[in-house]
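In UniProt numbering, the protein residues as written are 1 to 342.
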């Protein structure tokens, strides 16, 4: 998915130079000067929001009329559901709702058109979608979570229900202004306004807490965290961006350094002699791979290359740090969205 902006900006795989996008299903006046979402791929459970369950083999536009004639600000893609945030701070959702991840009544199994999420009576400024759970952050920095809660990924405490179908405020963060959050398969990571990083949900190293074994010196924690917990190893590090994949998480600090935490350890990327990663601005995590956008507009990827998801032009099972050919993105890359678990 991508958003066509009124100003020129390059996203992964698309270059948009027109000031507006027209389509055969709507008038030019309806879309002129507005941000238009384009969706494609697997359409089951209505995750594309096009009003059907059909898959799309090329980009299909979602017109402003699908969101009350409002302009879109952001999109978040989960396992089989999608969230849409409008510029006015209203939230819409479409797709599968088997664990309440849409944030609507639990008697709705799925929807093939975006429906507005109620229960948050404040302006929303940031959203994220995990495999079966979702979140939103308000302009006041309050965090709301909903969906599957099998491993505490909603951060609502150990006694919370295993399924929460409506947006629920994370009360233990009262007094803390949250800046952003990212959701993985069964875990969540977030950044406070001061740059502090927190994580909760299923462990296996993806939370970054870990404990040191006296025998092997391996950092790994399989236990669940049911409320947000400060990542001690990043204490004193001001984090500006965060991402979550299926079994790993990543963040970027104020100096542009990238940190990865998974079942092996919490490591700084690019510090070794074999891999040099320039100062970075954006990071995204897939199922078993990671992409980073540098300050210079270059795109790097590493991890599993199944089905060619690293985009390096050749097929290997796994890969070390790889840089995309500059000829492909000669104008620079603007965003690296990769919420789907590929």
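By construction, the Cβ of each residue, glycine as well, lies at the ideal position given by its N, Cα and C atoms.
The structure displayed is predicted, hence computed values, not measured ones.
Near the ligand ZN: residue i beta-carbon under 6 Å from a heavy atom
i, result
"residue 236", "For the ligand ZN, the structure offers nothing, since it holds no ligand at all."
Buried or exposed (CB count within 10 angstroms, at least 16 for buried), residue i
i, result
"residue 236", "exposed"
"residue 295", "exposed"
"residue 87", "exposed"
"residue 252", "buried"
"residue 175", "exposed"
"residue 243", "buried"
"residue 37", "buried"
"residue 1", "Reliability fails at residue 1, whose pLDDT of 47 lies under 50, so the model's placement of it is uncertain and the value that follows must be treated cautiously. Buried is the call here."
"residue 164", "buried"
"residue 35", "buried"
"residue 157", "exposed"
"residue 107", "exposed"
"residue 171", "exposed"
"residue 199", "buried"
"residue 18", "At residue 18, the pLDDT of 26 sits below 50, so the modelled position is not reliable and the matter cannot be decided from this model."
Residue of the options minimising C-alpha distance to residue i
i, options, result
"residue 178", "105, 65, 117 and 124", "124"
"residue 127", "110, 277 and 136", "136"
"residue 227", "312, 50 and 143", "143"
"residue 147", "224, 46, 223 and 105", "105"
"residue 111", "224, 262 and 51", "51"
"residue 64", "78, 301 and 113", "113"
"residue 68", "53, 115 and 38", "115"
"residue 255", "301, 42, 248 and 278", "278"
"residue 204", "247, 129 and 92", "247"
"residue 48", "276, 289 and 79", "79"
"residue 223", "286, 210 and 130", "210"
"residue 201", "258, 131 and 91", "131"
"residue 225", "152, 162 and 138", "152"
"residue 162", "41, 150 and 289", "150"
"residue 261", "208, 196 and 59", "208"
"residue 84", "109, 169, 117 and 45", "117"
As assigned by DSSP and simplified to three states, the class of residue i
i, result
"residue 204", "coil"
"residue 46", "helix"
"residue 283", "strand"
"residue 84", "strand"
"residue 122", "coil"
"residue 161", "coil"
"residue 66", "helix"
"residue 135", "strand"
"residue 306", "helix"
"residue 71", "coil"
"residue 224", "coil"
"residue 186", "coil"
"residue 173", "helix"
"residue 300", "strand"
"residue 253", "strand"
"residue 99", "coil"
"residue 277", "coil"
"residue 231", "coil"
"residue 374", "Because the chain is modelled from 1 through 342, residue 374 falls outside the range shown and cannot be assessed."
"residue 76", "strand"
"residue 260", "strand"
"residue 154", "coil"
Cβ distance (whole Å) where residue i is taken to contact residue j below 8 Å
i, j, result
"residue 281", "residue 293", "5 Å"
"residue 239", "residue 283", "11 Å between Cβ atoms; not a contact."
"residue 56", "residue 81", "In fact, because the Cβ distance is near 16 Å, the residues do not count as touching under 8 Å."
One or two residues paired with residue i in a DSSP bridge
i, result
"residue 142", "According to DSSP, residue 142 bridges with nothing at all."
"residue 236", "Bridge partners of residue 236: none, in fact."
"residue 41", "56"
"residue 116", "92"
"residue 61", "38"
"residue 197", "191"
"residue 289", "303"
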